[in-house]
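>
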Ligand code: FES
Ligand code: FES
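Protein chains in written order, with my numbering: chain W, 191 to 357; chain B, 3 to 802.
Here it is in structure tokens:
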């Protein structure tokens with residue numbers, strides 16, 4: 191058994207886990223954060239995507255002990271402190287980008303990181319950006335739409351950036 | 003008027019919780035439950051000679067191991083054959099745990115219960131099963147030879163044989179001016195929801211009651227199956243479908259072995275038990291669909307009108323037939339599509355093989371039927387040198403001909419009579435959206451750039467909203483909230499939203515006051531289930547009818563309080579008022595209070611209904627009808643309602659690599675009146691995406707030993723966003739005359755014609771006859787090589 195420390199959605203958690211415990215299982219079953227889903231446990235579907243130090247990773251492909259000392263954001267940590275939905279979450283809602291919702295947490299984490307790195311993705315970049323996650327329900331069209339909508343919402347909220355103000 | 007809601011694209015009400023990780027899917031429940039895992043057969047066909055658990059029992063944390071012989075009589079019996087049919091003369095179902103013989107890779111042999119899943123799987127790995135392999139039967143054409151048998155008592159491996167005929171098709175074909183005969187092949191695929199199956203059971207030994215959560219499409223029927231099998235009184239069993247991460251058909255089958263075994267073990271152990279299917283288990287132990295070999299013979303005249311059609315189907319149903327022969331029956335009947343063809347004869351044999359059982363997957367036999375019919379239409383057009391749309395138009399049922407009786411028996415045992423539709427209008431719309439008539443110019447432009455493009459189309463009719471019935475319950479409580487429930491289940495179709503839209507509009511209340519519960523037998527115990535694009539039609543109408551009862555009652559009670567005529571009242575935003583006199587009004591929540599004469603006041607609102615506050619007439623009993631402002635009603639249609647649609651695609655095939663790209667995909671869809679266009683579009687997008695998977699990528703690769711070689715997401719190619727074209731949709735709304743809301747089902751529509759459409763377009767691009775799906779770039783490449791050797795058929799257009 192190993193004691194590890196994770197910072198999950200801003201709170202520090204100490205957990206004792208066997209070495210073989212998957213990070214996805216640790217989040218879901220040890221920490222009770224069941225918003226992170228597992229659809230394959232072999233790294234293909236992306237349902238289990240969380241942000242590790244800000245970057246999307248597949249939590250089914252990482253052992254909990256490997257994440258010791260790192261910061262993790264799960265779907266439960268995407269909304270604002272008052273529970274207000276993030277622009278990405280709102281965009282998914284407005285665009286009808288989810289049906290059963292099982293793949294959704296993975297997409298939300300992926301898109302959150304995508305837009306942080308590229309606030310105004312082109313059509314091709316948006317498509318590419320979500321093409322590592324499987325969804326069996328939506329046919330993806332509305333997910334891609336939601337990426338653009340989220341970019342819009344974020345831009346509206348942060349206001350025109352300096353570059354644009356100069357132009 | 004309350005804001006119009008029916009027909010509006012309002013965003014979904016289920017989203018907020020799902021967007022913050024607040025969904026409650028099966029594996030999210032029961033954090034302290036014991037975990038179950040299964041030892042599953044690695045052989046496609048074998049006799050179990052013995053099971054050795056001596057090492058397994060040493061594992062710390064093990065709670066129990068069960069084999070078939072440990073199960074009490076009733077529990078160990080074969081699982082039910084859900085939909086018997088006289089033609090299914092040799093129906094066979096599995097035992098919950100294999101008894102003596104395993105018949106497909108993945109069949110459960112032993113159940114292990116342990117403190118957690120890791121431990122349970124450790125135990126499984128240490129259980130040694132001694133198998134004596136038997137000859138595996140793989141592929142329906144091998145199977146039907148009958149040299150090896152899946153079930154020793156099923157000769158020729160034939161489970162069912164059914165012929166349906168209207169007119170004398172063979173004679174009509176013989177006498178026709180033109181005839182064609184060919185073979186078609188459709189591969190296996192599967193529903194493959196991202197959440198697999200799962201079951202979690204809680205037993206209260208104090209009052210001997212059982213609650214089971216299961217990721218199902220049919221919770222009411224699972225409940226009855228569990229009560230019957232475990233010999234529990236029905237009122238002591240509750241079954242809840244929590245949030246379900248997709249179904250697409252596979253979760254309509256029930257009870258799965260685990261749905262019996264997990265509750266049984268839970269009661270026996272007096273502990274909560276949970277089992278969550280993993281992805282490999284889902285591939286090898288749930289269900290597949292689609293695989294068929296089809297032989298078509300058709301006779302037609304020079305205008306392309308079909309005079310006689312004969313369809314012979316070899317349907318591979320895998321090792322067991324728990325869901326009967328619904329799939330090949332649907333293929334047989336829905337092959338007819340929007341056409342009136344002269345005479346029709348369809349014959350199928352449903353065949354056992356040592357593979358995973360076959361039960362409905364979205365579309366449920368229709369994609370195969372449409373593939374057969376639409377490939378036929380394309381062949382006729384090619385043979386006669388006619389435009390493909392002309393041949394279809396020549397065979398359409400005309401709008402004036404509804405109701406149209408196809409003369410066959412549909413999957414619900416009722417006559418195949420189409421209720422309404424406008425096929426010529428759909429085709430016109432489709433042609434204009436995809437610029438059908440100017441395609442040759444675009445082909446020439448592309449060719450000038452060295453690119454190869456083709457266009458194709460496919461038409462279908464889908465029987466939706468099959469009976470026998472669904473019900474709905476609507477209750478207004480004294481806080482003004484409206485509680486709606488229906489027994490059928492949800493797997494992402496947005497029922498919480500569309501049913502609330504219906505109630506808001508019918509009752510005249512704000513949608514924010516409405517909550518909807520589905521698939522929870524505590525709330526509504528009678529239901530059939532979610533399949534066959536039936537939820538909106540069946541439960542939507544039942545809920546509308548229940549709401550109308552509530553409304554009538556509200557008006558009666560309010561009329562008395564307002565001393566008005568019920569006919570003069572209206573309900574607007576939750577207030578009952580006299581039309582034209584806004585001062586004479588009473589809120590629905592007060593009506594709810596008044597509809598239940600009280601002795602005790604539990605709050606200020608309730609005080610208004612107590613015996614001294616509302617004395618009423620001394621000569622009448624205080625209670626005149628059932629207390630409470632609530633209503634329950636059922637909708638039971640005389641037969642299915644028939645939605646329809648037509649899709650067209652433009653594809654590009656790479657002249658060198660044979661890569662296939664869908665450049666445009668257009669859908670014209672008619673599901674009657676739309677409740678929520680946003681949701682209907684979403685259903686279409688998702689359906690088309692699954693169709694594209696089936697047309698270009700997905701197949702279950704069984705080898706000759708019955709091993710599934712691609713049982714992972716790594717190897718079974720489900721499309722990602724990059725594989726799915728942008729889908730352009732247009733709607734026609736031909737209302738159904740059969741139900742109060744005029745709606746038809748939409749859930750499966752998107753998937754149905756896609757293989758046919760893509761085949762049509764690739765054939766057009768390549769000038770090579772496409773007769774099997776899916777078609778991968780390598781398949782197309784091989785087909786080109788075969789054509790070059792003169793071994794593959796070219797279309798006459800390209801040959802001429
Ligand atoms: S569960 Fe991790 S990628 Fe599928
Ligand atoms: S919404 Fe169901 S898998 Fe994506």
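Every residue, glycine too, gets a C-beta built ideally from N, C-alpha and C.
#1: Can you tell me whether residue 400 of chain B is helix, strand or coil according to DSSP?
#2: Using a Cβ-Cβ distance cut-off of 8 Å, determine whether residue 293 of chain W contacts chain B.
#3: Hey, how far is the Cα of residue 424 of chain B from the Cα of residue 400 of chain B?
#4: May I have the straight-line CA-CA distance separating residue 290 of chain W from residue 327 of chain W, to the nearest angstrom?
#5: Report the rounded CA-to-CA distance for residue 629 of chain B versus residue 504 of chain B, giving the unit in angstroms.
#6: In its own chain, which residues sit with a C-beta less than 8 Å from the C-beta of residue 324 of chain B, not counting the 5 before and 5 after it?
#7: What residue ranges within the stretch 642-693 of chain B form continuous beta strand (DSSP E) runs of no fewer than 3 residues, ordered along the chain?
#8: Give the single residue among B:111, B:137, B:135 and B:136 whose Cα lies nearest to the Cα of residue 127 of chain B.
#9: Mind checking residue 369 of chain B: buried by the 16 CB within 10 Å criterion, or exposed?
#10: Pairs of beta-carbons, one from the stretch 479-489 of chain B and one from the stretch 530-546 of chain B, closer than 8 Å: are there three or more?
#11: Cβ closer than 8 Å: which chain W residues qualify as neighbours of residue 651 of chain B?
#12: For the candidate residues B:8, B:555, B:300 and B:430, whose alpha-carbon lies nearest to that of residue 597 of chain B?
#13: Using beta carbons (cut-off 8 Å, strictly below), is residue 4 of chain B in contact with chain W?
#14: Cutting at 6 Å between CB atoms, please list the residues of its own chain near residue 572 of chain B, excluding the five before and the five after it.
#15: Once the 5 residues before and after residue 800 of chain B are set aside, which same chain residues still bring their CB inside 6 Å of it?
#16: For residue 614 of chain B, does the count of other Cβ atoms within 10 angstroms reach 16, so buried, or fall short, so exposed?
#17: How would you label residue 155 of chain B, buried or exposed, when you count the other beta carbons within 10 angstroms and need 16 or more for buried?
#18: If we require 3 or more residues per run, which beta strand (DSSP E) segments fall completely within the stretch 408-477 of chain B?
#19: Per DSSP, residue 29 of chain B is paired with what?
#20: Out of curiosity, what's the CA-to-CA distance linking residue 748 of chain B and residue 331 of chain W?
#21: So, helix, strand or coil for residue 311 of chain B, using DSSP?
#22: Within its chain, find whatever has a CB closer than 7 Å to the CB of residue 508 of chain B; leave out the 5 residues flanking it on each side and keep chain order.
#23: Considering residue 193 of chain W, what are the terminal residues of the alpha helix (DSSP H) in which it resides?
#24: By the DSSP assignment, the alpha helix (DSSP H) with residue 219 of chain B in it spans what residues?
#25: Does at least one heavy atom of ligand 1 sit under 7 Å from the Cβ of residue 231 of chain W?
#26: What's the C-alpha gap between residue 725 of chain B and residue 137 of chain B?
#27: Quick one: what does DSSP say residue 353 of chain W is sitting in, helix, strand or coil?
#28: Would you say residue 95 of chain B reaches chain W, if we count a Cβ-Cβ gap shorter than 8 Å as a contact?
#29: Are there three or more Cβ pairs, one per stretch, closer than 8 Å when the stretch 243-256 of chain W is compared with the stretch 200-218 of chain W?
#30: DSSP three-state label for residue 617 of chain B, please.
#31: Please classify residue 267 of chain B as buried or exposed, where buried requires at least 16 neighbouring CB atoms within 10 angstroms.
#32: Below 8 Å, can you find three or more Cβ-Cβ pairs linking the stretch 229-243 of chain W to the stretch 293-303 of chain W?
#33: Please classify residue 390 of chain W as buried or exposed, where buried requires at least 16 other C-beta atoms within 10 Å of its C-beta.
#34: For residue 2 of chain B, which residues of its own chain have a beta-carbon under 8 Å away from its beta-carbon, when the five flanking residues on both sides are left out?
#35: Report back the beta-carbon spacing between residue 15 of chain B and residue 498 of chain B to the nearest angstrom; my notes put them in contact at under 8 Å.
#36: In angstroms, rounded to a whole number, what distance separates the CA positions of residue 244 of chain B and residue 670 of chain B?
Taking the structure as given:
#1: coil
#2: yes
#3: 7 Å
#4: 7 Å
#5: 24 Å
#6: 81, 82, 83, 84, 95, 96, 255, 359 and 361
#7: 643-655 and 662-672
#8: B:111
#9: buried
#10: yes
#11: Ordered by position in chain W, no residue passes the 8 Å Cβ test against residue 651 of chain B, which lies about 14 Å from the chain.
#12: B:555
#13: Reliability of the predicted coordinates at residue 4 of chain B is poor, the pLDDT of 46 falling under 50, and no value is obtained from them.
#14: 581
#15: 769
#16: exposed
#17: exposed
#18: 417-420 and 454-466
#19: According to DSSP, residue 29 of chain B bridges with nothing at all.
#20: 18 Å
#21: strand
#22: 546, 549, 550 and 553
#23: Run containing residue 193 of chain W: none in the alpha helix (DSSP H); it sits in the beta strand (DSSP E), 192-198.
#24: That residue, residue 219 of chain B, is in no alpha helix (DSSP H); it is neither H nor E in DSSP.
#25: yes
#26: 39 Å
#27: Here residue 353 of chain W scores only 48 on pLDDT, less than 50, and its place in the model should not be relied on; the value that follows carries that caveat. Helix, per DSSP.
#28: no
#29: yes
#30: coil
#31: buried
#32: yes
#33: This structure leaves residue 390 of chain W out entirely; chain W is present only between 191 and 357.
#34: Residue 2 of chain B cannot be examined here, being either before or after the span of chain B that is shown, 3 to 802.
#35: 5 Å
#36: 34 Å
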